[in-house]
Every structure is written in structure tokens, then in C-alpha cells.
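Working notes, beginning with the structure itself.
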Amino acid sequence: MIRPDAASTRFVLGLGQASLDYLGLAPVYPERDAKCELDRLEVQGGGPVATALVTLSRLGLSTAFIGAVGDDLAGRAIRAGLIEEGVDVSGLSMVPGGTSQLAFIAVERYSGSRTIFWHRGRGTELGVGQVDLEAVGRARLLHLDGLMHEASMVAARRAREAGIPVVFDAGTLRDGSLDLAARTDCLICSERFFRAFHPRGDVEAGLVGLRELGPTRVVATFGARGSVGFDGRIFHHQPVLEVRVLDTTGAGDVYHGAFIYGLLAGWDLAGCMRFASATAALKCEKMGGRAGIPDLETVRRFMGPGFPGREPGLPE
47 MIRPDAASTR FVLGLGQASL DYLGLAPVYP ERDAKCELDR LEVQGGGPVA
97 TALVTLSRLG LSTAFIGAVG DDLAGRAIRA GLIEEGVDVS GLSMVPGGTS
147 QLAFIAVERY SGSRTIFWHR GRGTELGVGQ VDLEAVGRAR LLHLDGLMHE
197 ASMVAARRAR EAGIPVVFDA GTLRDGSLDL AARTDCLICS ERFFRAFHPR
247 GDVEAGLVGL RELGPTRVVA TFGARGSVGF DGRIFHHQPV LEVRVLDTTG
297 AGDVYHGAFI YGLLAGWDLA GCMRFASATA ALKCEKMGGR AGIPDLETVR
347 RFMGPGFPGR EPGLPE
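Okay, structure coming up:
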């Protein structure tokens, strides 16, 4: 149960995966059957929804997480990392005997690109009965990654009933993804998801098709080529912003969190995408999905006159 104090200002509620990431910085990615000494080794929290919530917390909003991890060393580290960032974890289940999701991420110093090896964990699938529907109805916005489909569908249905906006981080096109998309207000998808949904290459037609599923705003992210969005009126292409890139791990998750900030501020599509791109770019200057997430003032200074405008006020 999400604690009452989290509801006092209302909160962005996320339901999805949280992981523990082991990150190694290599001078170059090794060939098969070779050895490579790492320049650095770090451990940080990860996961699509969890990292988006950390982004929102650093930008100054109240956040809460619903998910499940194992009652193991990794699970305890995941929980502690979220608490340290100010994310309410009273909806995080610690499953006795379960194993938490882990990832090893090899980052190439020369390019900033990364290769992810991950283990989903065991016994930590969030059940429908573990979804705090009362908390969903009190949230300011619901953010989903769709990886626990049934739980996500139940939460999205409750949010729509309560008039709570739903954002879907669509990373991979899976069974049920399009059903969930139909119950969301904003869909932000990866290039992998987009190409699986619309393989013909016409980006604008693909975005129109995604919007016809139900969301009012749809965005597809294309890595170094930027992102393209559609709100039913205009298509907007947002280039990536230039920074000294060390590591792109978690950039998409940070983009999603920052985009949500813009939605709650009432910005238009272009403003949300510009702010999200700036926040994600700044993250890439440091290693890992979380170490480089900026606060609001840092983003404001980076954007200068391009900052979209007013900030999300607390609701009445």
C-alpha cells in the first residue's frame, strides 16, 4: 500500500521492472573469445520505469513505485537505491526466495555505445492482486513499461476509470502490447518496437497507425537520430542535443521521465520532446543509467532560451 504521505501532494506512480546494473567501461568492445580489462566498474539501479521515476524525483516531483524484486542482495540494493532517490517504495514487494533482475552492461569508451546482458530474475512477476488500485486512483499520472502485462492492464484500466493519464514506455512489441497501447494516453516507443509495428519505413505513417490504437500523443525514439512525435495535428522531429557522450545506458528511460514532466507542466508536444531530449543528453555525460540524471536547474541552464516554460505546479 502506498503510504498516505505520498498522497499528500499526489505523485507519479510507476508500475514495472527494476533491476540492478553492473556496468563496465571498456576501451573498445572485445572480439569473441578475447579478454578486455575494464577501465571502470560501477553498480547502479536500473529498469525502465524505476529510472524514469528517479528522473522525475530529481526534477522535483513526488514519485511512487509498484513492482517486485527478490529478497536477495540485488533486491535490497534496488530498494535502497530507490529510497535514496526519494521514490516511495511501499508498493515494492520483496519476494522470499525470488531472484532479482540483473544486468551486465559493457560500455565502449570510444563510441559511448553499450551492449546489455541481462537476467530477468525468478519468482518476481507482479501479480494482479499486488496492484494497489487505490493508489492508482490517487496518482497524478501512471507510467507503465508493459513488461508485466496483466498487472499493467489492470492498472491502466483503473487509471482510465479515475481520469488518470497513462504513459506507456513500449520497448519491445510483445503479445498484448497493442491492447495496452489502446488504454494509454501517451505512447513512447523504441525504434525496435516501432519497426516491428510498422516495418515499411515511413515514420509518419507508422506514428499515425500507433495513434489510431488510442493514445493522443505518440513518440518514437531513434537513438542518435533523435525522436519523432505526433499529436494528431503536427509531426515534430527532435534532434539529439550535442554533449560529450560517455554512456547511453538508460537514456531512453530518462527521456520518458522528462517527457512526463513536460506533460504535467502542460507543455505542447515539441516542448515535451525538447526537454526530454535535453535531460537524456545530460545523462549520457556520465556512466550508467542514473549517475548523470540532472536536476531541473541543470537542464534549464543547458537549454537556455529553449526551456519550454512553466513548471508543473502542485495540484489543488
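Those letters in the sequence shown? Residues 47 to 362, per my numbering, in order. Glycine is no exception: its CB is placed at the ideal position from the N, C-alpha and C atoms.
For Met349, name the three-state secondary structure that DSSP assigns.
Looking up residue 349 in the sequence shown gives position 303. Three-state DSSP puts Met349 in a helix.
Kindly indicate the opening and closing residues of the beta strand (DSSP E) around Arg263.
Here residue 263 refers to the residue found at position 217 of the sequence shown. Taken as a continuous stretch (DSSP letters only), the beta strand (DSSP E) holding Arg263 covers 263-267.
Does the distance from the C-beta atom of Leu99 to that of Val135 stay below 7 Å?
Working through the sequence shown from its first residue, we reach residue 99 at position 53. Working through the sequence shown from its first residue, we reach residue 135 at position 89. Contact: no.
Figure out for me which residue from Gly272, Phe276, Ala270 has the closest Cα to the Cα of Val264.
Along the sequence shown, one-based indexing puts residue 264 at 218. When each option's Cα is compared against that of Val264, the closest is Phe276.
Within a Cβ cutoff of 6 Å, which residues of the same chain sit near Thr249, ignoring the five residues on either side of it in sequence?
Locating residue 249 in the sequence shown gives position 203, where the first residue counts as 1. Note that residue 249 is Val in the sequence shown here, rather than Thr. Val274.
When DSSP labels each residue in this structure, what does Asp225 get in the three-state scheme?
Taking the first residue of the sequence shown as position 1, residue 225 is located at position 179. Correct three-state label for Asp225: helix.
Measuring CB to CB, does Ile364 end up less than 7 Å from Ala64?
With the chain represented from 47 up to 362, any question about residue 364 goes unanswered, as that position is not in the structure.
Whose C-beta lies closer than 7 Å to the C-beta of His283 among residues of the same chain, with five residues either side of it excluded?
Start at 1 with the first residue of the sequence shown, and residue 283 comes out as number 237. So the list reads Gly272, Val274, once near-sequence residues are dropped.
Return the chain-ordered list of same chain residues with a C-beta closer than 7 Å to the C-beta of Thr294, the five sequence neighbours on each side being excluded.
Here residue 294 refers to the residue found at position 248 of the sequence shown. Cβ within range, chain order: Gly158, Ser159, Arg160, Cys330.
Give the straight-line distance between the Cα atoms of Gly137 and Asp341, rounded to the nearest whole angstrom.
For this step, residue 137 is matched to residue 91 along the sequence shown. For this step, residue 341 is matched to residue 295 along the sequence shown. Spanning the two alpha carbons is a distance of roughly 25 Å.
Return the residue from the list Met140, Val74, Phe57, Asp178 that minimises the CA-CA distance to Ser103.
On the sequence shown, residue 103 is found 57 positions in, with the first residue counted as 1. The shortest C-alpha separation from Ser103 is found at Phe57.
Using DSSP with H/G/I as helix, E/B as strand and the rest coil, what is Tyr156?
Stepping through the sequence shown from its first residue, residue 156 is reached at position 110. In the structure shown, Tyr156 sits in coil (DSSP, three-state: anything other than H, G, I, E or B).
For Val74, count neighbouring C-beta atoms within 10 Å of its own C-beta (all shown protein chains included) and say buried if the count is 16 or more, exposed if not.
Within the sequence shown, residue 74 is the residue found at index 28, counting from 1. When all chains shown are included, Val74 counts as exposed.
How about Val212 and Leu193: do their beta carbons lie closer than 7 Å?
Taking the sequence shown and counting its residues from 1, the one referred to as residue 212 is at position 166. Taking the sequence shown and counting its residues from 1, the one referred to as residue 193 is at position 147. Cβ distance not < 7 Å, so Val212 and Leu193 don't count as in contact.
Between which two residues does the alpha helix (DSSP H) carrying Arg86 extend?
Looking up residue 86 in the sequence shown gives position 40. Where Arg86 is concerned, there is no enclosing alpha helix (DSSP H), although the beta strand (DSSP E) it sits in stretches over 86-92.
By how many angstroms is the C-alpha of Arg229 removed from the C-alpha of Ser198?
Mapped onto the sequence shown, residue 198 falls at position 152. Mapped onto the sequence shown, residue 229 falls at position 183. If I take the Cα positions, the gap works out to 10 Å.
By Cβ distance, which residues of its chain are closer than 6 Å to Pro361, with the 5 residues on each side in sequence left out?
Here residue 361 refers to the residue found at position 315 of the sequence shown. Note on Pro361: pLDDT 36, under 50, position unreliable in the model; no value is reported.
When the Cβ atoms of the stretch 244-258 are set against those of the stretch 284-291, are three or more pairs found closer than 8 Å?
Touching, no, given that fewer than three Cβ pairs across the two stretches are closer than 8 Å.
Along the chain, where does the alpha helix (DSSP H) that runs through Gly183 open and close?
One-based indexing of the sequence shown puts residue 183 at position 137. Looking at the DSSP string, the run of the alpha helix (DSSP H) that includes Gly183 is 179-184.
From the DSSP output, read off the bridge partner residues of His68.
In the sequence shown, residue 68 corresponds to position 22, counting from 1. With the sequence shown as reference, residue 68 is identified as Tyr, and His is not the correct amino acid for it. Looking at the DSSP assignment, Tyr68 forms a beta bridge with Val89, Phe150.
Could you give the distance in angstroms between the alpha-carbon of Asp225 and the alpha-carbon of Lys81?
Position 179 of the sequence shown, counted from the start, is the residue given in the question as residue 225. Position 35 of the sequence shown, counted from the start, is the residue given in the question as residue 81. Going by the C-alpha atoms only, they are around 45 Å apart.
Between Glu130, Gly217, Thr145, Pro261, which lies nearest to Phe240 when the distance is taken from Cα to Cα?
Locating residue 240 in the sequence shown gives position 194, where the first residue counts as 1. The shortest C-alpha separation from Phe240 is found at Gly217.
Starting from Asp299, trace the alpha helix (DSSP H) both ways and give me its first and last residue.
Your numbering for residue 299 matches position 253 in the sequence shown. Element bounds for Asp299: 297-311.
Label Ile151 either buried or exposed according to how many other C-beta atoms from any shown protein chain fall within 10 Å of its C-beta, with 16 as the threshold for buried.
Walking along the sequence shown from the start, residue 151 turns up at place 105. By the neighbour-count rule (16 or more Cβ atoms within 10 Å), Ile151 is buried.
Please report the residue range of the beta strand (DSSP E) in which Gly247 lies.
The residue given as residue 247 occupies position 201 in the sequence shown. Gly247 -> no beta strand (DSSP E), and no H or E assigned at all.
Using 8 Å as the threshold, is the stretch 173-184 in touch with the stretch 76-93, meaning 3 or more CB pairs across them?
With a cut-off of 8 Å, the stretch 76-93 and the stretch 173-184 do not count as touching, because too few Cβ pairs lie within range.
For chain B, is any of its Cβ atoms less than 7 Å away from the one on Ala197?
In summary, chain B is missing from the structure at hand, where a single protein chain is found.
Helix, strand or coil for Cys318, going by three-state DSSP, please let me know.
By one-based count along the sequence shown, residue 318 stands at place 272. Note: Cys318 maps to helix in three-state DSSP.
Since Cys235 sits in a beta bridge, which residues does DSSP pair it with?
Working through the sequence shown from its first residue, we reach residue 235 at position 189. According to DSSP, Cys235 bridges with Ala216, Ala266.
When DSSP labels each residue in this structure, what does Ala110 get in the three-state scheme?
Against the sequence shown, residue 110 aligns to sequence position 64. If DSSP states are grouped into helix, strand and coil, Ala110 belongs with the strands.
Tell me the rounded alpha-carbon separation between Leu190 and Asp221.
Locating residue 190 in the sequence shown gives position 144, where the first residue counts as 1. Locating residue 221 in the sequence shown gives position 175, where the first residue counts as 1. Each residue's Cα considered, the two are about 15 Å apart.
Less than 7 Å between the C-beta atoms of Gly317 and Pro354, yes or no?
Mapped onto the sequence shown, residue 317 falls at position 271. Mapped onto the sequence shown, residue 354 falls at position 308. The answer is yes: Cβ separation under 7 Å.
Please state the DSSP three-state secondary structure of Phe281.
Position 235 of the sequence shown, counting from 1, holds the residue named residue 281. The answer is strand: DSSP assigns Phe281 an E or B state.
Please classify Phe321: is it buried, with 16 or more other beta-carbons within 10 angstroms of its beta-carbon, or exposed?
Looking up residue 321 in the sequence shown gives position 275. So Phe321 counts as buried.
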